[in-house]
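Colleague:
There are 2 protein chains.
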Amino acid sequence: MSCLTHLECPKCGKTYDVDKPQTVCACGAPLLARYDLAAVGRKFKRDDLKGRVASLWRYRELLPVNEDRNVISLGEGMTPMLASSKLGQAVGLPKLYIKDEGLNPTGSFKARGAAVGVSKARELGIRTVAMPTAGNAGGAWAAYAAKAGLGMYVVMPIDAPDLPKKECVASGAVTYLVKGLISDAGKIVGQAAKAQGWFDASTLKEPYRIEGKKTMGLEIAEQFDWELPDAILYPTGGGVGIIGIYKALQEMETIGWIKKGQKWPKLISVQAEGCSPIVKAYREGKNVSEFHTGAQTLAAGIRVPKALGDFLVLEAVRETGGTAISVTDEEILKTMRLVAQTEGMLICPEGAAAVAALPHLVKQGLLNAGERVVVLNTGSGLKYPDLIAIDLPVLEKEAQLEVAAAGEKADGAE
Amino acid sequence: MSCLTHLECPKCGKTYDVDKPQTVCACGAPLLARYDLAAVGRKFKRDDLKGRVASLWRYRELLPVNEDRNVISLGEGMTPMLASSKLGQAVGLPKLYIKDEGLNPTGSFKARGAAVGVSKARELGIRTVAMPTAGNAGGAWAAYAAKAGLGMYVVMPIDAPDLPKKECVASGAVTYLVKGLISDAGKIVGQAAKAQGWFDASTLKEPYRIEGKKTMGLEIAEQFDWELPDAILYPTGGGVGIIGIYKALQEMETIGWIKKGQKWPKLISVQAEGCSPIVKAYREGKNVSEFHTGAQTLAAGIRVPKALGDFLVLEAVRETGGTAISVTDEEILKTMRLVAQTEGMLICPEGAAAVAALPHLVKQGLLNAGERVVVLNTGSGLKYPDLIAIDLPVLEKEAQLEVAAAGEKADGAE
Chain Y
1 MSCLTHLECP KCGKTYDVDK PQTVCACGAP LLARYDLAAV GRKFKRDDLK
51 GRVASLWRYR ELLPVNEDRN VISLGEGMTP MLASSKLGQA VGLPKLYIKD
101 EGLNPTGSFK ARGAAVGVSK ARELGIRTVA MPTAGNAGGA WAAYAAKAGL
151 GMYVVMPIDA PDLPKKECVA SGAVTYLVKG LISDAGKIVG QAAKAQGWFD
201 ASTLKEPYRI EGKKTMGLEI AEQFDWELPD AILYPTGGGV GIIGIYKALQ
251 EMETIGWIKK GQKWPKLISV QAEGCSPIVK AYREGKNVSE FHTGAQTLAA
301 GIRVPKALGD FLVLEAVRET GGTAISVTDE EILKTMRLVA QTEGMLICPE
351 GAAAVAALPH LVKQGLLNAG ERVVVLNTGS GLKYPDLIAI DLPVLEKEAQ
401 LEVAAAGEKA DGAE
Chain V
415 MSCLTHLECP KCGKTYDVDK PQTVCACGAP LLARYDLAAV GRKFKRDDLK
465 GRVASLWRYR ELLPVNEDRN VISLGEGMTP MLASSKLGQA VGLPKLYIKD
515 EGLNPTGSFK ARGAAVGVSK ARELGIRTVA MPTAGNAGGA WAAYAAKAGL
565 GMYVVMPIDA PDLPKKECVA SGAVTYLVKG LISDAGKIVG QAAKAQGWFD
615 ASTLKEPYRI EGKKTMGLEI AEQFDWELPD AILYPTGGGV GIIGIYKALQ
665 EMETIGWIKK GQKWPKLISV QAEGCSPIVK AYREGKNVSE FHTGAQTLAA
715 GIRVPKALGD FLVLEAVRET GGTAISVTDE EILKTMRLVA QTEGMLICPE
765 GAAAVAALPH LVKQGLLNAG ERVVVLNTGS GLKYPDLIAI DLPVLEKEAQ
815 LEVAAAGEKA DGAE
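Protein chains in written order, with the numbering used here: chain Y, 1 to 414; chain V, 415 to 828.
Written as structure tokens, this is what we have:
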């Protein structure tokens, strides 16, 4: 059912065969999957989506997996698009929506990339996958590899949070810690993969996870009934998601799902002040980013000092009239609480970074109150319990509640 | 759009008005929502579901909320139905499916009850809700109450796990701990609710959460294209889910979505050995359960010594030719690991209890290899990080992986 034809380097144009495992281009750039879009346009119509499975596999023709039996699914994708008008009013954008990627398997949008990446790995006959990870990607890949019956090796920095470590172990991945950074983990994985014949599934060295991430763009269009929103905010680490959404817009226009000439959403890249290489490059008018030395932010998912696909992120932002902006860790924490209290959503710090950018963008005139704005919350706040402090009053068994003061605070107040 | 007509006591038949808040029947039994099913059958066809929103609100006519503006949704429902053949083969049931309720907002199936319960509370003009909780229900109700702009008071046993406490606090619920059990929390809530005019949303004292839970039954039928599976296993604490699924079967038959005479799934109630009042009552041929003294199990969600709806659970089990069975905590932990390693799903201990019952049921001849069996995993294992122990090898920065032994274990082995 897939209309995949080849892999292509977006930098030098060289093409690669899709019938065997590929990594990056000879020139060092990540590879992008290309489809016979004319065929897709002929045989796959928007109306065909009605009644299809409520997962990203509803877009089978635009995904790289050929045979049904190779599809490894845990129910990823078709996450809810939630009108968030209370929060929106608070930040000056009443037509605000949050797409909640925290409802994916393994609690983050990494499940999209892992589902498609692992499925294709299986189709290509890969038996063992290895990857360095500091968090959610490892948990996701370990889960899908377990379901696929693939061997999985993971190397994580010793100071990575406990929960992704536990996810890897639970799924049976052979998991190591390293006294170093994610880059040290990457080196160890690279060497071992070469020596052992494993497939190195590091971000953007593996060409198919972006196809999973791109379905966020397809879903946004479908969920808005093909009338695209005015802006999409994406918390940017490696940037695979924003690259994927931009790719989805191109593909949808080519196959006719969105009208030629329809204005595309401004793609807005949000980073943390402690790690903002894309923001710096955008401001300086550069096409690639520089390594951000001493990167630090509590939003670990966007602590990526230099992304392999930085040039594609910058292209997506510029070509859509978007922007790049950074926020502080303090704003991130404050915003997590605000979103939970207004919208009932416990979002991840990366998603909170994107929400925190909204009032700045309104103030700067880059977004206005009439616009429909989508924020991608890339993961569940349940995976970051350490960011929620509690200090609760303790009652004796036969106590009665003292509610005078508390009542004023909570009694139906909006 | 709702076809709700009244509330009815399943014990004494007394009916109640749905235009004002109601709790339990004068006789003490929980109330069930009743609809004009003839009208539903005329105006709501199975094919109408195609293209509807991928949440439980696709069944609007069979839910109690009248006006769109009162619907409070975080994307609950339409959770994936995952073919789990590797696990199935391991337990002797190759046609095994797991429905993953962990992908609901707040990480558990409690979101279904909270979504419908809070939406209806809002429609009825309730301004403040109070509830005792030891876990996921509190997190779910606090989240939906926040989105609805309702005041929310929660009282939890002091030894409840941290994560639900954090969820309540993050959503802005006024949260108290009590040096006692959930029953002590319930007393404090009951008194305060009476004194303050709050709505007491304790399990089955609130008549609409069951309507949210019943959508699990509607979804199972729809996801199997209206050819019902042979058995459904449900980890049973308060039992609202199994009561709801049974109610859904009755309603679907009445409105014609499933054929009259089609065999219903055996509804199988699974409990932990340390708290198995339903199993005891079932074995002794009784219609109600006795309070299970000294209840103890690590699966906190099914640690309910005496459920208000026990008679309805027993009816559902008996009328469908199901059964009730208990498993040990040791089996639960072992099964969590087995499911993660074969299917890539980190399930909750309650869901693991239901999976752990499968080999026993096969051995006893109550399930057989040809049958299509659905297990409800009621929540995400991410909410139970303490149940996953890790002790990982630590590498130096420049280390190389030693893979001989580990390789044998993980290298593509199924």
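Ideal Cβ positions, reconstructed from N, Cα and C, are used throughout, including at glycine. All of these numbers come straight from a predicted model, not from anything done at the bench.
1) At a CB-CB cut-off below 8 Å, which residues of chain V make contact with S55(Y)?
2) Would you mind working out which of T749(V), A767(V) and S499(V) sits nearest A170(Y), comparing C-alpha positions?
3) Considering only residues of the same chain and omitting the five flanking positions on each side of I572(V), which have a CB-CB separation below 7 Å?
4) Any beta-carbon of chain V closer than 7 Å to the one on V339(Y)?
5) So, V654(V) versus V603(V), is the Cβ gap smaller than 7 Å?
6) Between W612(V), I657(V) and E636(V), which has its C-alpha nearest G626(V)'s C-alpha?
7) Please report the residue range of the beta strand (DSSP E) in which Y648(V) lies.
8) Alpha carbon to alpha carbon, how far is G138(Y) from Q503(V)?
9) Considering only their Cβ atoms, is the gap separating M152(Y) from V129(Y) smaller than 7 Å?
10) Please classify Q503(V): does DSSP put it in a helix, a strand, or coil?
11) For E402(Y) and V530(V), I'd like the C-alpha separation in whole angstroms.
12) For the segment 48 to 60 of chain Y and the segment 23 to 35 of chain Y, state whether three or more C-beta atom pairs, one from each stretch, are separated by less than 8 Å.
13) Indicate whether at least one CB of chain V lies closer than 7 Å to the CB of A121(Y).
14) Tell me which same chain residues have a C-beta within less than 7 Å of the C-beta of G186(Y), skipping the five on either side of it?
15) The alpha helix (DSSP H) that contains A354(Y), what's its start and end?
16) Check whether the segment 522 to 529 of chain V and the segment 449 to 466 of chain V are in contact - that is, three or more C-beta pairs closer than 8 Å.
17) For S171(Y), return the contacting residues in chain V, with the cut-off set at a CB-CB distance below 7 Å.
18) Can you give me the Cβ contacts of E414(Y) inside the same chain, cut-off strictly under 8 Å, excluding the 5 residues immediately before and after it?
19) Using the three-state DSSP reduction, which class does G708(V) fall into: helix, strand or coil?
20) Along the chain, where does the beta strand (DSSP E) that runs through R60(Y) open and close?
21) Whole angstroms are fine: how far does the CA of Y246(Y) sit from the CA of L366(Y)?
22) Let me check one thing: in DSSP terms, what residues is P132(Y) bridge-paired to?
23) Can you pull the chain V neighbours of K397(Y), defined as C-beta to C-beta under 8 Å?
24) Let me know the secondary structure DSSP gives S119(Y) once reduced to three states.
25) Once the 5 residues before and after I255(Y) are set aside, which same chain residues still bring their CB inside 6 Å of it?
26) Can you list, in chain order, the residues of its chain whose CB lies under 6 Å from that of A248(Y), leaving out five sequence neighbours each side?
27) Taking the alpha-carbon positions, what's the T493(V) to P679(V) distance?
28) Take L267(Y) as the anchor and find which of L361(Y), V174(Y), L124(Y) and N66(Y) has the nearest alpha-carbon.
29) Hey, would you say K120(Y) sits closer than 7 Å to V65(Y), going by beta carbons?
30) Please tell me whether P807(V) has its Cβ less than 7 Å away from any Cβ of chain Y.
31) Spell out the partners DSSP gives Q271(Y) in its beta bridges.
32) Compile a chain-ordered list of the residues in the segment 204 to 235 of chain Y whose CB is closer than 7 Å to at least one CB of chain V.
33) Helix, strand or coil: which one does DSSP assign to A307(Y)?
34) Check the Cβ of P385(Y) against every Cβ in chain V and list those closer than 9 Å, keeping chain order.
35) According to DSSP, simplified to helix, strand and coil, what is E8(Y)?
36) Would A713(V) and S703(V) be called neighbours here (beta carbons separated by less than 7 Å)?
Modeller: With the structure as the only source:
1) P494
2) T749(V)
3) Excluding residues within five positions, the ones whose Cβ falls inside 7 Å are L591, V592 and K593.
4) By the rule that beta-carbons nearer than 7 Å mark a contact, V339(Y) does not touch chain V.
5) In this structure, V603(V) does not lie closer than 7 Å to V654(V) by Cβ.
6) I657(V)
7) For Y648(V), the enclosing beta strand (DSSP E) starts and ends at A645 to P649.
8) 27 Å
9) yes
10) helix
11) 29 Å
12) no
13) no
14) P132 and S202
15) For A354(Y), the enclosing alpha helix (DSSP H) covers residues P349 to K363.
16) no
17) A754, Q755 and G758
18) Since pLDDT at E414(Y) reaches only 36, below the 50 mark, its modelled position is unreliable, and the value read off the structure follows with that caveat. Closer than 8 Å at the Cβ level, and outside the excluded window around E414(Y), lie K86.
19) Here G708(V) sits in coil by DSSP.
20) Per DSSP, R60(Y) belongs to no beta strand (DSSP E) and is neither H nor E.
21) 19 Å
22) V155(Y)
23) V592, K593, G594 and D598
24) helix
25) L37, V40 and G41
26) K214, G217 and L218
27) 19 Å
28) L361(Y)
29) yes
30) yes
31) S326(Y)
32) Shown here is that no member of the segment 204 to 235 of chain Y has a Cβ falling below 7 Å from a Cβ of chain V.
33) Reduced to three states, the DSSP call for A307(Y) is coil.
34) D576, L577, K580 and P799
35) strand
36) no
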